[in-house]
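Protein sequences, first through last, are from chains E and V.
The numbering of the first sequence is our numbering, which starts it at 1 and goes up by one.
The numbering of the second sequence is our numbering, which starts it at 1 and goes up by one.
Ideal placement from N, C-alpha and C gives every residue a C-beta, glycine not left out.
The structure presented is a predicted model; accordingly, all values stated were derived computationally and were not measured.
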Amino acid sequence: MSATLAMASAAKERWQTAGRFADVLEAAVKARRSPLIARVVTWFNLCRLCQDLEEQLLLDPAPNPEELQLHRALLSLAIGSGEGLLLECGDPHLLEPLGISAEAVEAKIDSLRITFTQWHTDIDPERQQAVLQEAFGAAV
Amino acid sequence: MPRCELLEAILQAQYELETAEPHDLPDCRARLHARLDQAIAGTHLTRMELLSVLRDRYKEFKRAQLLAEAR
Chain E
1 MSATLAMASA AKERWQTAGR FADVLEAAVK ARRSPLIARV VTWFNLCRLC QDLEEQLLLD
61 PAPNPEELQL HRALLSLAIG SGEGLLLECG DPHLLEPLGI SAEAVEAKID SLRITFTQWH
121 TDIDPERQQA VLQEAFGAAV
Chain V
1 MPRCELLEAI LQAQYELETA EPHDLPDCRA RLHARLDQAI AGTHLTRMEL LSVLRDRYKE
61 FKRAQLLAEA R
């Protein structure tokens, strides 16, 4: 096997492993038999996994469509499961043992949504330039 | 704040939000919102619309941050 093919195969395996790990984390986030704070910690780990994959995409000069699709799927998963946790965070003191409030979960979901929009939605280049001009004028 | 500095401040604030520890997230989000609101004041743009059009610049910014951290 050539070095290039071996690298591609290793990268594919890494992504597949990440996908399987994300499935395990998501199942743990949804496991209501576990305490909410444990599930919130697991959810933050799921978010961290999404972020690691995004960093790999950023540093890869030509990410392949499968990797982008997995990134999109994991982001959707993290946003959805975070929303689910938020519904259970009615009591403002529930997350106090972690030193956070539900607002931290909400802020992380917002951050994931921004990432989703920037990576996985279409944009019209003309509109993009017009908005940049409107907001920043001659600076762009 | 000059407009070019404001743009840089938005990219920095988004990066800080993405990489924040859980207990810092609400403050980081508030800082990003403040910068975005400054940029869209007097326009009909939304925060998300502005962030959406900054996608390419943000990716460049983040790539540079990651490479600098790896050195």
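Beta carbon proximity, residue i to chain V, threshold 9 Å
i, result
"E:Asp91", "no"
"E:Ile142", "Because chain E spans 1 through 140 in this model, residue 142 of chain E falls outside it and cannot be assessed."
"E:Thr42", "no"
"E:Gln69", "no"
"E:Gly99", "yes"
"E:Glu96", "no"
"E:Arg113", "yes"
"E:Gly137", "yes"
"E:Lys108", "yes"
"E:Thr121", "yes"
"E:Glu134", "yes"
"E:Thr17", "no"
"E:Glu13", "no"
Rounded Cβ spacing between residue i and residue j (contact assumed at less than 8 Å)
i, j, result
"V:Ala39", "V:Ile10", "6 Å"
"V:Thr43", "E:Ala135", "6 Å"
"E:Pro92", "E:Ala104", "No, E:Pro92 and E:Ala104 are not in contact; Cβ-Cβ is about 12 Å, not under 8 Å."
"E:Leu87", "E:Glu106", "Their Cβ separation, rounded to whole angstroms, is 11 Å, which puts E:Leu87 and E:Glu106 out of contact at 8 Å."
"E:Ile37", "V:His23", "14 Å between Cβ atoms; not a contact."
"V:Tyr58", "V:Gln14", "6 Å"
"E:Leu74", "E:Ala22", "5 Å"
"E:Val140", "V:Leu6", "Not really, about 11 Å apart at Cβ, beyond 8 Å."
"E:Arg72", "E:His120", "5 Å"
"E:Gly84", "E:Lys30", "7 Å"
"E:Ala27", "E:Ser34", "Contact doesn't hold; Cβ gap of about 10 Å is too wide."
Minimum Cβ-Cβ distance from residue i to chain E less than 9 Å
i, result
"V:Glu34", "Sequence check: residue 34 of chain V is Ala here, not Glu. Taking Cβ atoms only, chain E never reaches closer than 9 Å to V:Ala34, which makes this a no."
"V:Ala9", "no"
"V:Arg77", "Summary: the structure shown does not reach residue 77 of chain V, with chain V confined to residues 1 through 71, and so no result is reported for it."
"V:Ala68", "no"
Any chain C beta carbon closer than 9 Å to residue i
i, result
"E:Val29", "In the structure shown, chain C does not exist; the protein chains are E and V."
Are the stretch 54–70 of chain E and the stretch 28–43 of chain E in contact at 8 Å, needing three or more beta carbon pairs?
no
Short-range partners of chain E found in the stretch 42–60 of chain V, where Cβ spacing is below 7 Å:
Thr43, Leu45, Met48, Glu49, Leu50, Leu51, Ser52, Val53, Arg55, Tyr58, Lys59
Give a yes or no on contact between the stretch 71–82 of chain E and the stretch 110–120 of chain E, applying the rule of three or more CB pairs nearer than 8 Å.
yes
Counting pairs of beta carbons, one from the stretch 47–56 of chain V and one from the stretch 125–139 of chain E, are three or more of them closer than 8 Å?
When C-beta atoms of the stretch 47–56 of chain V are compared with those of the stretch 125–139 of chain E, three or more pairs fall below 8 Å, so the two segments count as touching.
When you compare the stretch 17–29 of chain E with the stretch 48–58 of chain E, are there three or more beta-carbon pairs, one atom per stretch, that lie closer than 8 Å?
Yes, since at least three Cβ pairs between the stretch 17–29 of chain E and the stretch 48–58 of chain E fall closer than 8 Å, the two stretches touch.
At a Cβ cut of 8 Å, what residues of the stretch 31–60 of chain E count as close to chain V, listed as they run along the chain?
For the stretch 31–60 of chain E, the set of residues with a beta-carbon nearer than 8 Å to any beta-carbon of chain V comprises Phe44, Gln51, Glu55, Leu58, Leu59, in chain order.
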